[in-house]
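Worksheet: the structure to be examined is printed underneath.
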Amino acid sequence: MNFTSVHDVPDVATLINEAIELKKGPLAFSHLGLNKTLGLVFLNPSLRTRLSTQKAASNLGMNVMAVNADRDSWAIEFQDGAVMNGTTVEHIRDAAPVLGSYCDIIGVRCFPGLVSRDTDYSEHIMKQFLKWTGRPFVSLESATLHPLQSLADCITIAEHRPVHRPKVVLTWAPHVKPLPQAVANSFAEWMCRMDVEFVVTHPPGYELDPIYTGNATIEYNQEKALEGADFVYVKNWSSYSDYGRILSQDAAWMLTERHLAGTAGAKVMHCLPVRRNVEISDEIADSQRSLVQLQAENRVYAAQAVLKRILLENN
Ligand code: SN0
Numbered sequence: 056m057n058f059t060s061v062h063d064v065p066d067v068a069t070l071i072n073e074a075i076e077l078k079k080g081p082l083a084f085s086h087l088g089l090n091k092t093l094g095l096v097f098l099n100p101s102l103r104t105r106l107s108t109q110k111a112a113s114n115l116g117m118n119v120m121a122v123n124a125d126r127d128s129w130a131i132e133f134q135d136g137a138v139m140n141g142t143t144v145e146h147i148r149d150a151a152p153v154l155g156s157y158c159d160i161i162g163v164r165c166f167p168g169l170v171s172r173d174t175d176y177s178e179h180i181m182k183q184f185l186k187w188t189g190r191p192f193v194s195l196e197s198a199t200l201h202p203l204q205s206l207a208d209c210i211t212i213a214e215h216r217p218v219h220r221p222k223v224v225l226t227w228a229p230h231v232k233p234l235p236q237a238v239a240n241s242f243a244e245w246m247c248r249m250d251v252e253f254v255v256t257h258p259p260g261y262e263l264d265p266i267y268t269g270n271a272t273i274e275y276n277q278e279k280a281l282e283g284a285d286f287v288y289v290k291n292w293s294s295y296s297d298y299g300r301i302l303s304q305d306a307a308w309m310l311t312e313r314h315l316a317g318t319a320g321a322k323v324m325h326c327l328p329v330r331r332n333v334e335i336s337d338e339i340a341d342s343q344r345s346l347v348q349l350q351a352e353n354r355v356y357a358a359q360a361v362l363k364r365i366l367l368e369n370n
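Take the sequence shown: its letter number 187 is residue 242 in this note's numbering, and every next letter is one higher.
Here's what the structure looks like:
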């Protein structure tokens with residue numbers, strides 16, 4: 056089993072329940088990963104993903120090795136047939152099998168370049184790691200998706216689910232930098248597999264690839280979208296159609312208490328890191344509404360549920 060998207064999980068509800076069970080007894084499988092090694096490769100920065108995945112692996116008794124490949128190791132070439140007389144030092148075809156020989160499971164973080172949509176959405180970098188390490192692979196956020204985050208988000212929603220079928224709203228927020236669509240794409244495709252009413256709201260031009268939003272309602276009027284919401288997921292992303300560009304920095308889209316007046320006492324979610332008072336106001340970030348710390352905590356059990364399945368499958 057690899058874990059690169061929701062499509063690697065035939066039974067989302069079962070996986071969520073497995074994670075919730077692990078949360079009740081994190082050390083119940085502390086021998087499962089004995090003498091197994093998890094290798095984590097970061098081509099981009101990380102706080103939660105790195106630490107929660109390490110914690111998950113150590114709860115399962117695994118060894119963990121992590122490398123900040125953007126800084127600590129040789130610059131990797133991903134282009135087939137490249138004449139390597141420039142800044143890249145070793146080819147992925149040579150580096151990846153080395154990782155595969157040291158590790159039983161490999162996790163990689165590789166953000167999009169946000170220059171070429173075709174390159175980013177082909178998942179060229181992730182696919183090369185997948186192919187050349189020859190080991191079970193876990194995405195730690197790829198160019199287009201962040202499945203461990205989405206699984207943690209699903210666990211958090213399951214834990215706070217009201218008695219009725221919940222309304223979940225993904226609302227775009229302003230930001231100072233062009234960010235990937237990965238968190239939003241991924242959240243959307245996991246929500247499409249949950250028993251929820253799912254609405255996406257953003258300014259025109261920020262439409263996500265419909266392959267991820269599926270049957271979600273797209274509502275350009277944020278106030279209307281938020282009406283009756285039980286969960287509001289705040290996230291910035293750059294344009295998919297006008298690829299990688301910032302089309303709006305309209306501060307009216309920042310989520311404040313005022314925006315939540317028409318909701319059903321909505322809980323507010325964000326994957327972190329969050330730009331306070333740009334994406335979300337302090338009053339919300341510091342309020343009882345905020346589930347962000349629980350989402351971060353659930354990252355451990357999301358990673359642990361996935362690693363546990365992979366270990367069981369490869370025992
Ligand atoms: C990343 C993203 O995909 O949006 C990682 C989220 C888990 N976020 C950022 O890169 C934020 C950078 C910033 O300067 O705020």
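For every residue, glycine included, the Cβ atom is placed at its ideal position computed from N, Cα and C. Note that the coordinates shown come from a computational prediction; the quantities given were computed from them, not determined experimentally.
query: For PRO191, is the classification buried or exposed, using 16 other Cβ atoms within 10 angstroms of its Cβ as the cut-off for buried?
result: buried
message: Check this for me: beta carbons of VAL333 and PRO229, under 9 Å apart or not?
response: yes
message: Just to confirm before moving on: does the CB-CB distance between TRP292 and THR256 stay below 9 Å?
response: no
- prompt: Taking C-beta to C-beta, are ASP208 and GLN350 nearer than 9 Å?
  reply: yes
- request: Buried or exposed for VAL144, please, with buried defined as at least 16 other CB atoms from any protein chain shown within 10 angstroms of its CB.
  value: exposed
message: Helix, strand or coil for THR272? Go by DSSP, reduced to three states.
response: strand
message: Taking 8 Å as the cut-off, is the beta-carbon of LEU327 closer than that to any non-hydrogen atom of ligand 1?
response: yes
task: Kindly say whether VAL329, judged by its beta-carbon, lies nearer than 9 Å to any beta-carbon of chain D.
output: Reference to chain D is not applicable here, since this structure consists of a single protein chain.
- prompt: Cα-Cα, which of ILE161, ASN270 and TYR261 is closest to TRP308?
  reply: TYR261
- request: Report buried or exposed for ASP285, applying the criterion of at least 16 other Cβ atoms within 10 angstroms of its Cβ.
  value: buried
message: Checking 9 Å against the spacing of the C-beta atoms, do VAL61 and GLU178 come in under that value?
response: no
task: Check whether the Cβ atoms of LYS363 and LEU77 sit closer than 9 Å, and answer yes or no.
output: yes
task: Output the distance between the C-alpha atoms of ARG220 and ARG354, rounded to the nearest integer angstrom.
output: 24 Å
- request: May I ask whether a heavy atom of ligand 1 can be found less than 8 Å away from the beta carbon of THR104?
  value: yes
- prompt: Can you name, in chain order, every residue of its own chain whose Cβ lies under 7 Å from the Cβ of ASP264, other than the five neighbours on each side?
  reply: ASN240 and TYR295
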